[in-house]
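In our numbering, the protein residues as written are -4 to 280.
Structure record follows, encoded as structure tokens.
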């Protein structure tokens, strides 16, 4: 995986663009949401507050509304239902009615975004939602303790089982290998259809948090969340510093390239990449 600072800046710039520019357009796409059983909607009619209703689509796909009676909601988009209500209310009841329909509880068609994103949770599945749009709906990549967005190079889509009612997200470790699709966010941002794949009903989009490791003669060896710009000294400080037995000048990094591990001599000001292991040897006495 490409872990250069330039790569991460490209990722973050792309996500920022989608959140600030494309985000409102994606949110407006609720009009394209296809209603189904148990979805809850709020109907408002301009200048007729007495007709405001919160209704849940029945298991038969229908709902009931004043002056209109029963009508089919299942299989219609929010915009289609809105137009149908305006047509029926305008048929002898209200002159030129203006109706708004908002989904307040998505039950029939949704997906989940979890992991290293700003707003993990469930989101409505409108038409043709892609991985990039899913991440932007979830507020983009999360920020670390320093206020910087944490980089992430991949996303894992966990596909829902056919016929499964997905009430909660399903993490990669809970899924079979054939139900998981690993994509590159960098490639997805360029529009590569092999990576910017379409999200389906019940899917979970998991964005892993990148980490680094510190081992050897430090006070608290372990795994820690990675933030862009991390140096060897900062990594050691995160692990609560050197022990009395440490040999700081012989500190090195183990960096993996697929199945190959590379040992790299470093100074305390050198950069650490995601997945690196910072090793602090014991001093020779």
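Ideal placement from N, C-alpha and C gives every residue a C-beta, glycine not left out.
If you ignore the 5 residues before and after residue 235, its C-beta comes within less than 7 Å of the C-beta of 213, 214 and 215, all in its own chain and listed in chain order. Going by C-alpha positions, residue 191 is about 11 Å away from residue 123. DSSP places residue 232 in the helix class (H, G or I) of the three-state scheme.
Residues 133, 134, 135, 136, 137 and 138 of the same chain have their beta carbon placed closer than 8 Å to that of residue 113, with the five preceding and five following residues left out of the count. Annotated as proximal: residue 95 and residue 77, with beta-carbon spacing under 8 Å. With a cutoff of 8 Å on beta-carbon distance, residue 206 and residue 246 are scored as not near each other. In the displayed model, residue 198 falls within coil according to three-state DSSP, outside both helix and strand. A direct Cα-to-Cα measurement between residue 167 and residue 201 gives close to 8 Å. For residue 82, the enclosing alpha helix (DSSP H) has its first and last residue at 73 to 84.
Look at residue 100 here: in three-state DSSP terms it is strand.
Where residue 184 is concerned, the enclosing alpha helix (DSSP H) starts and stops at 180 to 184. Spatial neighbours of residue 115 in its own chain (CB-CB distance under 7 Å, excluding positions within 5 residues in sequence) are listed in chain order as 108, 109 and 133.
Distance from the CA atom of residue 28 to the CA atom of residue 56, rounded to whole angstroms, is 15 Å. Check the Cα spacing between residue 52 and each of 41, 90 and 67: the tightest is with 67. The straight-line gap separating the alpha-carbon atoms of residue 199 and residue 244 is approximately 45 Å. Secondary structure of residue 63 (DSSP, three-state): coil. Pairwise C-beta distances place the stretch 165 to 184 out of contact with the stretch 85 to 102, as fewer than three of them are shorter than 8 Å.
With a 10 Å radius around the Cβ and a threshold of 16 neighbouring Cβ atoms, residue 211 comes out buried. For residue 212, the secondary structure class from DSSP, reduced to helix, strand or coil, is coil.
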